[in-house]
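Chemist: Chains as they are written, first to last, in the numbering used here: chain V, 2 to 261; chain P, 211 to 470. C-beta atoms are modelled at their ideal positions from N, C-alpha and C, and glycine is treated no differently. Note that this is a predicted model, so its numbers are computed, not measured.
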Amino acid sequence: MDFQIRGKLAYVNAGASGIGEAIADLLTQEGANVIVGDNDEQALQEKAHRWTGIVAADLSTAAGTNHAVAQVLRIFGRVPDILINNLGVGNSASFEELSDERWARSFEINLMGCVRMCRALIPGMAALGDAAIVNTGSDLAKQPEPGLMDYGVCKAGLLYLTKALARQYAPKVRVNTVLPGPIWTRMWTRPGGIVDQLIDHYGVEDRDAAVKQFLEDRYLPLGIGQPEDVANAVVFLASPLAKYITGASLDIGGTLRGLV
Amino acid sequence: MNTDYSSFGLKDKIAIVTGASQGIGRAIALGLAHAGAHVVLAKHPEGRHDEIREVKAEIEALGRRAEIILTDVASVDQIRALMEKTKETFGRIDILVNNAGWTGNSMALDTTEEEFDRTTESSLKSVFFACQAAARIMIPQGRGKIINIGSNFGEVAFKSRAVYAATKAAVHHLSRALSLEWASQGVLVNVVAPCITETATRKVILERPGYKEWATTQMLPAGRWNQPEDLVGAVLFLSSHLADMVVGHVLMVDGGWTIH
Ligand SMILES: NC(=O)c1ccc[n+]([C@@H]2O[C@H](COP(=O)([O-])OP(=O)(O)OC[C@H]3O[C@@H](n4cnc5c(N)ncnc54)[C@H](O)[C@@H]3O)[C@@H](O)[C@H]2O)c1
Numbered sequence: 002m003d004f005q006i007r008g009k010l011a012y013v014n015a016g017a018s019g020i021g022e023a024i025a026d027l028l029t030q031e032g033a034n035v036i037v038g039d040n041d042e043q044a045l046q047e048k049a050h051r052w053t054g055i056v057a058a059d060l061s062t063a064a065g066t067n068h069a070v071a072q073v074l075r076i077f078g079r080v081p082d083i084l085i086n087n088l089g090v091g092n093s094a095s096f097e098e099l100s101d102e103r104w105a106r107s108f109e110i111n112l113m114g115c116v117r118m119c120r121a122l123i124p125g126m127a128a129l130g131d132a133a134i135v136n137t138g139s140d141l142a143k144q145p146e147p148g149l150m151d152y153g154v155c156k157a158g159l160l161y162l163t164k165a166l167a168r169q170y171a172p173k174v175r176v177n178t179v180l181p182g183p184i185w186t187r188m189w190t191r192p193g194g195i196v197d198q199l200i201d202h203y204g205v206e207d208r209d210a211a212v213k214q215f216l217e218d219r220y221l222p223l224g225i226g227q228p229e230d231v232a233n234a235v236v237f238l239a240s241p242l243a244k245y246i247t248g249a250s251l252d253i254g255g256t257l258r259g260l261v
Numbered sequence: 211m212n213t214d215y216s217s218f219g220l221k222d223k224i225a226i227v228t229g230a231s232q233g234i235g236r237a238i239a240l241g242l243a244h245a246g247a248h249v250v251l252a253k254h255p256e257g258r259h260d261e262i263r264e265v266k267a268e269i270e271a272l273g274r275r276a277e278i279i280l281t282d283v284a285s286v287d288q289i290r291a292l293m294e295k296t297k298e299t300f301g302r303i304d305i306l307v308n309n310a311g312w313t314g315n316s317m318a319l320d321t322t323e324e325e326f327d328r329t330t331e332s333s334l335k336s337v338f339f340a341c342q343a344a345a346r347i348m349i350p351q352g353r354g355k356i357i358n359i360g361s362n363f364g365e366v367a368f369k370s371r372a373v374y375a376a377t378k379a380a381v382h383h384l385s386r387a388l389s390l391e392w393a394s395q396g397v398l399v400n401v402v403a404p405c406i407t408e409t410a411t412r413k414v415i416l417e418r419p420g421y422k423e424w425a426t427t428q429m430l431p432a433g434r435w436n437q438p439e440d441l442v443g444a445v446l447f448l449s450s451h452l453a454d455m456v457v458g459h460v461l462m463v464d465g466g467w468t469i470h
């Protein structure tokens with residue numbers, strides 16, 4: 002592919018695995034210089050050779066974000082042309098189980114991570130005059146999932162943030178969001194992840210049966226996507242091929258039930 | 211920006227673009243050809259023919275095939291003939307871009323029945339029957355991409371274009387509904403929704419006193435009119451394997467108009 006981003010500087014916030022990793026790899030393959038931030042130091046170290054730089058930090062905190070920003074500025078010598086806000090974690094819980102502390106924690110991870118990163122970098126990116134931000138939202142921003150309310154509310158907040166930032170910083174910084182449907186990553190496969198939750202929920206034995214039931218329950222004609230499907234869309238939106246697209250959200254996987 | 215789109219993987223794909231003489235249709239037809247596709251150029255039987263011949267010549271100069279098929283998209287028979295002839299000539303249809311359409315500019319109180327019918331027949335009925343005729347060929351192929359050109363006014367309202375806006379909203383919704391029927395059979399329908407684009411037929415509107423100033427300062431965060439070329443990236447993205455998980459989506463290419 003040629004997304005025409007050769008030589009651009011890109012920072013991926015939360016990219017050591019899953020969707021973020023696929024984004025970092027595609028940006029690199031397209032000739033961009035990529036720094037990846039994450040709190041999973043081991044995964045970062047293992048994959049460091051693939052990218053221009055890495056920074057280990059807890060990106061759900063102000064201190065961690067400040068540290069990451071400082072490292073990015075140090076390594077690149079300036080703000081990046083492309084910022085990918087991919088930080089997000091969903092842990093299922095019923096509405097009644099969601100304590101104030103859990104709501105606050107989810108808010109730090111799923112919304113403030115993006116807010117802080119944008120606040121730190123966007124003025125400099127605007128001064129560049131031709132920068133792009135892409136945020137990883139979720140189909141749940143439009144389609145409420147009772148077991149992931151805190152996560153979905155934050156992802157819906159990201160949509161608002163995207164539009165508001167797009168409006169304020171146009172035409173110098175384009176800001177867009179992707180809204181992936183189910184994507185096969187650790188979020189699904191880790192112990193206690195979505196697959197395990199589905200097995201419990203449906204009372205079935207194995208993961209194939211659980212996933213099949215899930216796909217039938219939700220109308221998902223294209224099945225579960227891969228991280229690369231999201232990366233393609235993210236890099237497209239970050240590229241000059243999308244130079245007139247700002248404030249938009251791009252559904253991946255057919256989000257045909259929800260309305261926003 | 212360079213127009214070498216060969217990396218989109220569309221080499222030797224067969225694409226149909228309706229309303230390909232000028233403006234958006236012309237830019238898309240050329241963009242697809244630059245990406246390696248052979249293009250069927252559908253043009254209304256009446257009116258001047260020199261422009262479409264120039265588009266054909268430009269495509270052939272790129273070493274791609276181009277066929278002009280005269281088609282009044284408001285005629286269901288002619289739409290069906292367009293698809294049949296394309297299949298006869300090229301053996302298949304990979305990509306259909308429904309771009310043609312006509313719209314009146316009257317205020318609602320002044321809109322005649324004739325204007326209403328002409329708008330809905332050329333901008334809605336045409337799209338439905340083109341999708342249907344193409345899908346009858348694409349479903350047996352197991353694969354096909356349909357891109358309908360919508361409008362920002364299909365999502366947000368605007369004065370003096372009530373009927374047009376309603377047909378575009380219908381096209382957006384039609385595309386979602388068709389996706390539900392056809393996605394599992396490999397036919398993906400999406401929309402690219404531009405805001406008002408600087409083309410010859412829109413000159414009358416764009417040159418209204420004060421309009422440009424108002425639109426570019428109040429309505430368009432991008433601060434400039436959409437150019438036909440701005441739509442090419444989005445159409446190529448959706449036509450290509452990069453967007454194989456994108457279905458039933460309305461991709462706004464509107465410089466942020468619908469942020470408000
Ligand atoms: N997988 C899906 O089905 C799906 C669907 C829609 C949206 N998303 C979104 O995609 C994004 C990536 O998710 P994924 O599926 O790739 O998950 P993942 O678990 O594979 O990757 C998430 C990454 O974030 C990192 N991370 C988590 N907490 C962190 C913290 N406090 N500080 C720094 N790094 C942290 C992890 O180490 C990991 O590298 C998230 O924003 C998620 O909400 C995923």
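Which of the three DSSP states is assigned to P/T228 in this structure?
Modeler: Working through the second sequence from its first residue, we reach residue 228 of chain P at position 18. Strand.
Chemist: Cα separation between V/T137 and V/T163?
Modeler: Against the first sequence, residue 137 of chain V aligns to sequence position 136. Against the first sequence, residue 163 of chain V aligns to sequence position 162. Using only the alpha carbons, I get a separation of about 10 Å.
Chemist: In this structure, does DSSP put P/M462 in helix, strand or coil?
Modeler: By 1-based counting over the second sequence, the position of residue 462 of chain P is 252. Looking at P/M462 - three-state DSSP - the assignment turns out to be strand.
Chemist: Starting from V/K9, follow its DSSP beta bridges and name the residues at the other end.
Modeler: As a working mapping, residue 9 of chain V is identified with position 8 in the first sequence. Beta-bridge pairing links V/K9 to no other residue.
Chemist: Does V/G255 get closer than 8 Å to chain P when you measure Cβ to Cβ?
Modeler: For the purposes of this step, residue 255 of chain V is taken as the residue at position 254 of the first sequence. Yes, contact with chain P.
Chemist: Can you tell me where the beta strand (DSSP E) holding V/D39 begins and where it ends?
Modeler: As a first step, residue 39 of chain V is located in the first sequence; it is residue number 38 there, counting from the start. Per DSSP, V/D39 belongs to the beta strand (DSSP E) from N34 to D39.
Chemist: Return helix, strand or coil for P/K253, following the three-state DSSP convention.
Modeler: Translated into positions along the second sequence, residue 253 of chain P becomes position 43. Of the three classes helix, strand and coil, the one that applies to P/K253 here is strand, per DSSP.
Chemist: What number of angstroms, rounded off, separates the C-alpha of P/S389 from the C-alpha of V/A71?
Modeler: Mapped onto the second sequence, residue 389 of chain P falls at position 179. Mapped onto the first sequence, residue 71 of chain V falls at position 70. Looking at the two C-alpha atoms, the distance is approximately 46 Å.
Chemist: So, helix, strand or coil for P/A245, using DSSP?
Modeler: The residue you call residue 245 of chain P lines up with position 35 of the second sequence. The answer is coil: DSSP assigns P/A245 none of H, G, I, E or B.
Chemist: On the criterion of 16 or more Cβ atoms from any shown chain inside 10 Å, does V/Y12 qualify as buried, or is it exposed?
Modeler: The residue you call residue 12 of chain V lines up with position 11 of the first sequence. Classification for V/Y12: buried.
Chemist: Less than 8 Å between the CB atoms is what I'm expecting for P/I303 and P/I226, so what's the real figure, rounded?
Modeler: Against the second sequence, residue 303 of chain P aligns to sequence position 93. Against the second sequence, residue 226 of chain P aligns to sequence position 16. Confirmed, Cβ separation roughly 6 Å.
Chemist: Rank P/L280, P/R258, P/I262 and P/I224 by C-alpha distance to the C-alpha of P/A237 and give the top, closest one.
Modeler: For the purposes of this step, residue 237 of chain P is identified with residue 27 of the second sequence, where counting begins at 1. Checking every option, the nearest Cα to that of P/A237 belongs to P/I262.
Chemist: Is V/I83 helix, strand or coil when you go by DSSP?
Modeler: On the first sequence, position 82 is the one that residue 83 of chain V refers to. In this structure, V/I83 counts as strand in the three-state DSSP scheme.
Chemist: DSSP three-state call for V/A132: helix, strand or coil?
Modeler: Taking the first sequence and counting its residues from 1, one reaches residue 132 of chain V at position 131. V/A132 falls in the strand class under three-state DSSP.
Chemist: Where does V/G61 land, buried or exposed, given buried means 16+ other C-beta within 10 angstroms?
Modeler: Numbered from its first residue, the first sequence carries residue 61 of chain V at position 60. The question names Gly, but residue 61 of chain V is Ser in the sequence shown. The residue in question, V/S61, is buried, as its Cβ has 16 or more Cβ neighbours within 10 Å.
Chemist: Using beta carbons (cut-off 8 Å, strictly below), is P/G364 in contact with chain V?
Modeler: Sequence index remark: in the second sequence, residue 364 of chain P carries index 154 (1-based). Judged by the 8 Å Cβ criterion, P/G364 is not in contact with chain V.
Chemist: Say yes only if the C-beta of V/M188 is nearer than 7 Å to one or more non-hydrogen atoms of ligand 1, and no if none qualify.
Modeler: Position 187 of the first sequence, counted from the start, is the residue given in the question as residue 188 of chain V. Correct: V/M188 has its Cβ closer than 7 Å to ligand 1.
Chemist: Quick check: V/V236 and V/I253, are their CB atoms within less than 8 Å of each other?
Modeler: For the purposes of this step, residue 236 of chain V is taken as the residue at position 235 of the first sequence. For the purposes of this step, residue 253 of chain V is taken as the residue at position 252 of the first sequence. No; because the gap between Cβ atoms is not below 8 Å, this pair is not in contact.
Chemist: Using beta carbons (cut-off 8 Å, strictly below), is V/K1 in contact with chain P?
Modeler: Outside the displayed range of chain V (2 to 261) lies residue 1 of chain V, so it cannot be described from this structure.
Chemist: Alpha carbon to alpha carbon, how far is V/M113 from V/N87?
Modeler: Position 112 of the first sequence holds residue 113 of chain V. Position 86 of the first sequence holds residue 87 of chain V. Cα-Cα distance, rounded: 12 Å.
Chemist: Quick test of your reading: V/G255 and P/V457, contact by CB under 8 Å. State the CB separation rounded to the nearest angstrom.
Modeler: Counting from one through the first sequence, the residue named residue 255 of chain V turns up at place 254. Counting from one through the second sequence, the residue named residue 457 of chain P turns up at place 247. 4 Å between Cβ atoms; contact.
Chemist: Closer than 7 Å by beta-carbon distance: list the chain V residues that pair up with P/M455, in chain order.
Modeler: What you label residue 455 of chain P is simply residue 245 of the second sequence in a count that begins at 1. In chain order: L223, G226, D230, I253 and G254.
Chemist: Could you give the uninterrupted runs of the beta strand (DSSP E) lying entirely in the stretch 272-301 of chain P, keeping only those of 3 residues or more?
Modeler: 276-280
Chemist: Any heavy atom of ligand 1 within a distance shorter than 7 Å of the CB on V/G89?
Modeler: Here residue 89 of chain V refers to the residue found at position 88 when the first sequence is read from its first residue. Set against 7 Å, the gap from the CB of V/G89 to the closest heavy atom of ligand 1 is smaller.
Chemist: Among V/D151, V/G54 and V/A249, which one has its Cα closest to the Cα of V/E102?
Modeler: For this step, residue 102 of chain V is matched to residue 101 along the first sequence. That would be V/D151, whose Cα lies nearest to the Cα of V/E102.
Chemist: Using the Cα positions of P/E417 and P/E294, report the straight-line distance between them to the nearest angstrom.
Modeler: Here residue 417 of chain P is taken as the residue at index 207 of the second sequence, counted from 1. Here residue 294 of chain P is taken as the residue at index 84 of the second sequence, counted from 1. So the two alpha carbons sit approximately 41 Å from each other.
Chemist: Can V/S61 be considered in contact with ligand 1, in the sense that its beta carbon sits closer than 7 Å to one or more heavy atoms?
Modeler: Along the first sequence, read from residue 1 onward, the residue named residue 61 of chain V stands at position 60. Yes, ligand 1 has a heavy atom inside 7 Å of this Cβ.
Chemist: Tell me whether the beta-carbon of P/N358 lies closer than 8 Å to the beta-carbon of P/G229.
Modeler: On the second sequence, residue 358 of chain P is found 148 positions in, with the first residue counted as 1. On the second sequence, residue 229 of chain P is found 19 positions in, with the first residue counted as 1. Contact: no.
Chemist: Given 8 Å as the limit, is there contact between the stretch 187-195 of chain V and the stretch 445-463 of chain P, that is, 3 or more CB pairs closer than that?
Modeler: The stretch 445-463 of chain P and the stretch 187-195 of chain V do not touch, with fewer than three beta-carbon pairs separated by less than 8 Å.
Chemist: Answer yes or no: does any C-beta atom of chain V fall closer than 8 Å to that of P/V393?
Modeler: Here residue 393 of chain P is taken as the residue at index 183 of the second sequence, counted from 1. It is Ala, not Val, that sits at residue 393 of chain P in the sequence shown. Chain V, which has a Cβ nearer than 8 Å to the Cβ of P/A393, makes this yes.
Chemist: Do you know how far the Cα of V/G89 is from the Cα of V/C155?
Modeler: Start at 1 with the first residue of the first sequence, and residue 155 of chain V comes out as number 154. Start at 1 with the first residue of the first sequence, and residue 89 of chain V comes out as number 88. Straight-line Cα distance between these residues: approximately 9 Å.
Chemist: May I ask you to check if the CB of V/A15 is nearer than 7 Å to at least one heavy atom of ligand 1?
Modeler: For the purposes of this step, residue 15 of chain V is taken as the residue at position 14 of the first sequence. Checking every heavy atom of ligand 1 against the Cβ of V/A15, one is found closer than 7 Å.
Chemist: How big is the Cα-Cα spacing for V/T186 and V/D140?
Modeler: The count along the first sequence starts at 1 and reaches residue 186 of chain V at position 185. The count along the first sequence starts at 1 and reaches residue 140 of chain V at position 139. Answer to the nearest angstrom: the Cα atoms are 15 Å apart.
Chemist: Out of V/P241, V/F215 and V/F4, state which residue places its alpha-carbon closest to the alpha-carbon of V/A131.
Modeler: Position 130 of the first sequence, counting from 1, holds the residue named residue 131 of chain V. Per the sequence shown, the amino acid found at residue 131 of chain V is Asp instead of Ala. Closest by alpha carbon: V/P241.
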